[in-house]
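Engineer: In the working numbering, the protein residues as written are 1 to 239.
Where a beta carbon is used, it is the ideal one built from N, C-alpha and C, also for glycine.
Here it is, the structure in full.
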Ligand code: PXP
């Protein structure tokens, strides 16, 4: 089974918001991403709504025919209410703070064990698959198992940073983390700073990855290759 590609369309919303109108049309882009072969759409609404707005998520839901993944921090009650209302395929819980440029750390699944357990059970009871963003640290993966999440999303920024100088070393902690997650029965997703340059190596070494969510590099690549070609290029890295 090949790894699914979920396109994170936050950057499209950022571009739209920079001019106040509806260009580019986020809903059209989501539909076209699916038409061009993506197997999922990811959005990451933040409390300041500087990228995806809460209303975008509601508008997108009936249009998405692939897997809809909503990422965000459940400490924001508005986020929890939105996810329960929209009922996406998957919610990915991320411990980011207000105003943070982008996600830059995974959950401490030990310190926040009780909080995560309670929060995850709310989403699981509503029939929504859960995933939590984690660094590739074995204790955190063990902690993830304890809190009842269906999947983990491995935070791949460290991998992407080290990949050009030492791909093997960059990938090593992720291979160990994925092996443990597999043994514990946790599904594995991955994301952050994955690109046409580093994606194939990651997936070849960790074929258990069920889904990658990619935004920044993929949307940037569309400037050169166009959306349809870019999605094909990413899918080819995963096949
Ligand atoms: N996963 C999470 C939890 C994220 O916050 C982001 C960025 O919004 C991504 C994946 C995608 O990262 P990138 O935009 O670097 O592909």
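The ligand PXP heavy atoms versus the CB of residue 8: any closer than 6 angstroms?
Structural biologist: Residue 8: yes, Cβ under 6 angstroms from the ligand PXP.
Engineer: Less than 6 angstroms separating the Cβ of residue 108 from some heavy atom of the ligand PXP?
Structural biologist: No, the beta carbon of residue 108 sits no closer than 6 angstroms to any heavy atom of the ligand PXP.
Engineer: Kindly list the residues whose CB is nearer than 6 angstroms to the CB of residue 11, restricted to its own chain and excluding five residues on each side of it in sequence; keep chain order.
Structural biologist: Excluding residues within five positions, the ones whose Cβ falls inside 6 angstroms are 215 and 219.
Engineer: Does the distance from the CB of residue 172 to the CB of residue 206 come in under 7 angstroms?
Structural biologist: The answer is no: Cβ separation not under 7 angstroms.
Engineer: In whole angstroms, what is the alpha-carbon distance linking residue 28 and residue 63?
Structural biologist: If I take the Cα positions, the gap works out to 9 angstroms.
Engineer: Which residue marks the beginning of the beta strand (DSSP E) containing residue 155, and which one marks its end?
Structural biologist: From DSSP, the beta strand (DSSP E) with residue 155 extends over 151 to 155.
Engineer: Residues bridged to residue 93 by DSSP?
Structural biologist: BP columns for residue 93 point to 72 and 132.
Engineer: By the 10 Å Cβ neighbour count, where 16 or more other Cβ atoms means buried, how is residue 221 classified, buried or exposed?
Structural biologist: Residue 221 is buried by the Cβ-count criterion.
Engineer: In three-state terms, what does DSSP make of residue 22?
Structural biologist: Residue 22: coil per DSSP, three-state reduction.
Engineer: I'd like to confirm something about residue 44: is its beta-carbon nearer than 6 angstroms to some heavy atom of the ligand PXP, or not?
Structural biologist: Residue 44: yes, Cβ under 6 angstroms from the ligand PXP.
Engineer: Measuring only from the beta carbon, is residue 103 closer than 6 angstroms to any heavy atom that is part of the ligand PXP?
Structural biologist: For the ligand PXP, at least one heavy atom lies less than 6 angstroms from the Cβ of residue 103.
Engineer: Can you find at least 3 beta carbon pairs, one from the stretch 150 to 164 and one from the stretch 126 to 134, that sit closer than 8 angstroms?
Structural biologist: Because the criterion of three Cβ pairs below 8 angstroms is met, the stretch 150 to 164 and the stretch 126 to 134 touch.
Engineer: According to the Cβ coordinates, are residue 84 and residue 145 closer than 7 angstroms?
Structural biologist: No, they are not a contact pair.
Engineer: Quick check on the DSSP output: what are the complete beta strand (DSSP E) runs of length 3 or more inside the stretch 199 to 231, in order along the chain?
Structural biologist: Fully enclosed beta strand (DSSP E) runs of 3 or longer: 211 to 214.
Engineer: Would you kindly work out how many angstroms separate the C-alpha atoms of residue 113 and residue 74, rounded to a whole number?
Structural biologist: Straight-line Cα distance between these residues: approximately 14 angstroms.
Engineer: Please report the distance separating the alpha-carbon of residue 213 from that of residue 122.
Structural biologist: If you take the alpha carbons of residue 213 and residue 122, they lie about 23 angstroms apart.
Engineer: Based on Cα-Cα distance, which residue from 180, 217 and 181 lies nearest to residue 197?
Structural biologist: Closest by alpha carbon: 217.
Engineer: In terms of residue numbering, what span does the beta strand (DSSP E) encompassing residue 190 cover?
Structural biologist: Residues 187 to 191.
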